[in-house]
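Heads up, the thing below is written out as structure tokens.
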Amino acid sequence: MTPSPQPSAEPNSQRQPFLPTWTIFWVAFLVRVAYMTLAHTYRFRTYGDHFQFGWEMGRIARALVTGYGFADPFSGHTGPTAWVAPLYPLLLAGIFRVFGIFTLRSAWVILTFNSFFSALTTRTTYEIAARCLNRRVAIWAAWIWALYPAAMQYAVRWVWEMSLSTWLFTLVIVLALRMRRIGEPEAAPRANADARTLPRWLLFGLLWGLIALSNPSLLLFLPANGIWILLGTCSIRRQIAYATAAALVCLGCMAPWIVRNALAFHQFIPMRANFGAELYLGNGPDARGFLMEYNHPFQSPDQLRLYQQMGEVAYAKMRGRFAEAAIAADPGLFARNCFKRFYFFWISVPHPSDDAWYVEAGRVANFAFASVAGLLGLALACKRKMPGVALFVWAFVTVPLIYYFVTVHARFRHPLEPLIAILAVHLFQSAQPRNPAAHIPVDAQPATPLP
0 MTPSPQPSAE PNSQRQPFLP TWTIFWVAFL VRVAYMTLAH TYRFRTYGDH
50 FQFGWEMGRI ARALVTGYGF ADPFSGHTGP TAWVAPLYPL LLAGIFRVFG
100 IFTLRSAWVI LTFNSFFSAL TTRTTYEIAA RCLNRRVAIW AAWIWALYPA
150 AMQYAVRWVW EMSLSTWLFT LVIVLALRMR RIGEPEAAPR ANADARTLPR
200 WLLFGLLWGL IALSNPSLLL FLPANGIWIL LGTCSIRRQI AYATAAALVC
250 LGCMAPWIVR NALAFHQFIP MRANFGAELY LGNGPDARGF LMEYNHPFQS
300 PDQLRLYQQM GEVAYAKMRG RFAEAAIAAD PGLFARNCFK RFYFFWISVP
350 HPSDDAWYVE AGRVANFAFA SVAGLLGLAL ACKRKMPGVA LFVWAFVTVP
400 LIYYFVTVHA RFRHPLEPLI AILAVHLFQS AQPRNPAAHI PVDAQPATPL
450 P
């Protein structure tokens, strides 16, 4: 008689050492929803016909629900738009259709969605840290993301795409680490030696398609991400074929939006049509490193009137020409503004506030401290040749690059903040007295589930 197979004594955490339990996720999600509900952050000001409820995205979502299509990013009916990418406005429009336009219920639901995406980022943060460093760093980094107020602010206060984009961005980094088998035991079965399979490449293309439809600025990281996965493969022809299939999936996700833009504007607009306008607002003759919001169509009636008369594409091109002329006339001013934006991206963007000086000083110190700790942690990771460190370096180089030349806001750093948390924890744990157990690679540590 053949003995019946015995159930594996290996716990799930042994089979999946890079995945935490769902405890951190649920704590993060419930804390965000509780704060948003009790602090009433879903009660947006009604000033300017609810413009703070999603700004341009809120306006477009209203136009979608009321039958005007993807249009009207500012006041009134101004025609079709590609001012922002479509994914988040479509999500917001679905919520408006069910729960009402600019209602308290819609506000609560969309911030709950934001909180869900932000809480999911605890899991991707954990896996990135566990694969590249160890479980100790992973646990600390995931809990910091779950409970640190600065990590949850955009989820509970902003109707914008930051939480969704950040989760997608960290998810594609997790996928890249899995495809390169970073952190996994070297003595793996030969059949699984190369994890860069066709299904994973197709998922890679899908994730980047969604990122493009959420925050196209992050596409600057895509070439480095793809090339890094291809490096070191023993079957380069097959992997290039897989990567080509991934590119087709990514383009397939973007294609409906590109076709829509071609039909609406009668020209090729791959993602967004507002680059020229943003370039001028950041680099016009009166720019000093900040966005000249007073000259923006949502604040300036004259600019709004011009935007409506010319149409979005012609208006953005006209403003782009003005920006190019201003840069050519005073390249020194442009260089100084670029340096200021570099400083603002990493140290903090000053903004007018009614808060006391010490509140603003605390905000700046908190923002700057995270950046400095993350950058020092990145330098330490490079020195120690941390697995996957090249991917971190390319993320830190490419993600902020366009903002140095156009404009910068504090929220633009958010997709990098999970990586900053991981590197900051690595920095401070490395400064502790040496404990051999703390430096055992993750695959060599006993993988017990989190509490």
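Numbering (numbering that gives the first Met the number 0), first residue to last: 0 to 450. Ideal Cβ placement from N, Cα and C applies to all residues, glycine included. Quick caveat, the model's predicted, so the values are computed rather than measured.
Where the alpha helix (DSSP H) through residue i begins and ends
{"i": "residue 355", "result": "Per DSSP, residue 355 belongs to no alpha helix (DSSP H) and is neither H nor E."}
{"i": "residue 425", "result": "416–429"}
{"i": "residue 301", "result": "300–309"}
{"i": "residue 108", "result": "103–131"}
{"i": "residue 16", "result": "Where residue 16 is concerned, there is no enclosing alpha helix (DSSP H), given that its DSSP letter is neither H nor E."}
{"i": "residue 252", "result": "235–264"}
{"i": "residue 34", "result": "22–37"}
CB-CB length for residue i against residue j, believed under 8 Å
{"i": "residue 68", "j": "residue 62", "result": "6 Å"}
{"i": "residue 124", "j": "residue 360", "result": "Going by Cβ atoms, the distance from residue 124 to residue 360 rounds to 28 Å, so no, they are not a contact pair."}
{"i": "residue 344", "j": "residue 399", "result": "5 Å"}
Same chain, Cβ closer than 8 Å to residue i, neighbours up to 5 away in sequence not counted
{"i": "residue 151", "result": "27, 30, 31, 34, 114 and 117"}
{"i": "residue 164", "result": "210, 213, 214, 217, 413 and 414"}
{"i": "residue 189", "result": "Since pLDDT at residue 189 reaches only 46, below the 50 mark, its modelled position is unreliable, and the value read off the structure follows with that caveat. Answer for residue 189: no residue qualifies."}
Through-space distance from residue j to residue i, alpha-carbon basis
{"i": "residue 270", "j": "residue 262", "result": "14 Å"}
{"i": "residue 385", "j": "residue 173", "result": "15 Å"}
{"i": "residue 374", "j": "residue 333", "result": "26 Å"}
{"i": "residue 381", "j": "residue 23", "result": "29 Å"}
{"i": "residue 265", "j": "residue 300", "result": "27 Å"}
{"i": "residue 136", "j": "residue 295", "result": "44 Å"}
{"i": "residue 147", "j": "residue 203", "result": "30 Å"}
{"i": "residue 388", "j": "residue 21", "result": "27 Å"}
{"i": "residue 425", "j": "residue 416", "result": "14 Å"}
{"i": "residue 362", "j": "residue 244", "result": "45 Å"}
{"i": "residue 307", "j": "residue 170", "result": "39 Å"}
{"i": "residue 16", "j": "residue 394", "result": "25 Å"}
{"i": "residue 99", "j": "residue 356", "result": "39 Å"}
{"i": "residue 50", "j": "residue 315", "result": "21 Å"}
{"i": "residue 453", "j": "residue 161", "result": "This structure cannot speak to residue 453, because the chain is shown only from 0 to 450."}
{"i": "residue 206", "j": "residue 232", "result": "22 Å"}
{"i": "residue 96", "j": "residue 275", "result": "33 Å"}
{"i": "residue 126", "j": "residue 19", "result": "8 Å"}
Sequence-distant residues of its chain with Cβ nearer than 6 Å to residue i (five each side left out)
{"i": "residue 409", "result": "348"}
{"i": "residue 298", "result": "292"}
{"i": "residue 339", "result": "288"}
Same chain, Cβ closer than 7 Å to residue i, neighbours up to 5 away in sequence not counted
{"i": "residue 111", "result": "32"}
{"i": "residue 277", "result": "405 and 406"}
{"i": "residue 228", "result": "175, 178, 179 and 195"}
{"i": "residue 237", "result": "none"}
{"i": "residue 66", "result": "none"}
Meets three-Cβ-pair contact criterion under 8 Å: the segment 96–110 and the segment 138–151
no
Give a yes or no on contact between the segment 203–212 and the segment 75–90, applying the rule of three or more CB pairs nearer than 8 Å.
yes
May I ask you to verify whether the segment 306–319 touches the segment 70–85, counting CB pairs closer than 8 Å and requiring at least 3?
yes
Under 8 Å, with one C-beta from each stretch per pair, do the segment 34–49 and the segment 278–288 reach the 3-pair mark?
Contact between the segment 34–49 and the segment 278–288 is absent, with fewer than three C-beta pairs closer than 8 Å.
Does the segment 355–375 come within contact of the segment 403–422, defined as at least 3 CB pairs closer than 8 Å?
yes
Three CB pairs or more closer than 8 Å across the segment 173–183 and the segment 119–138:
yes
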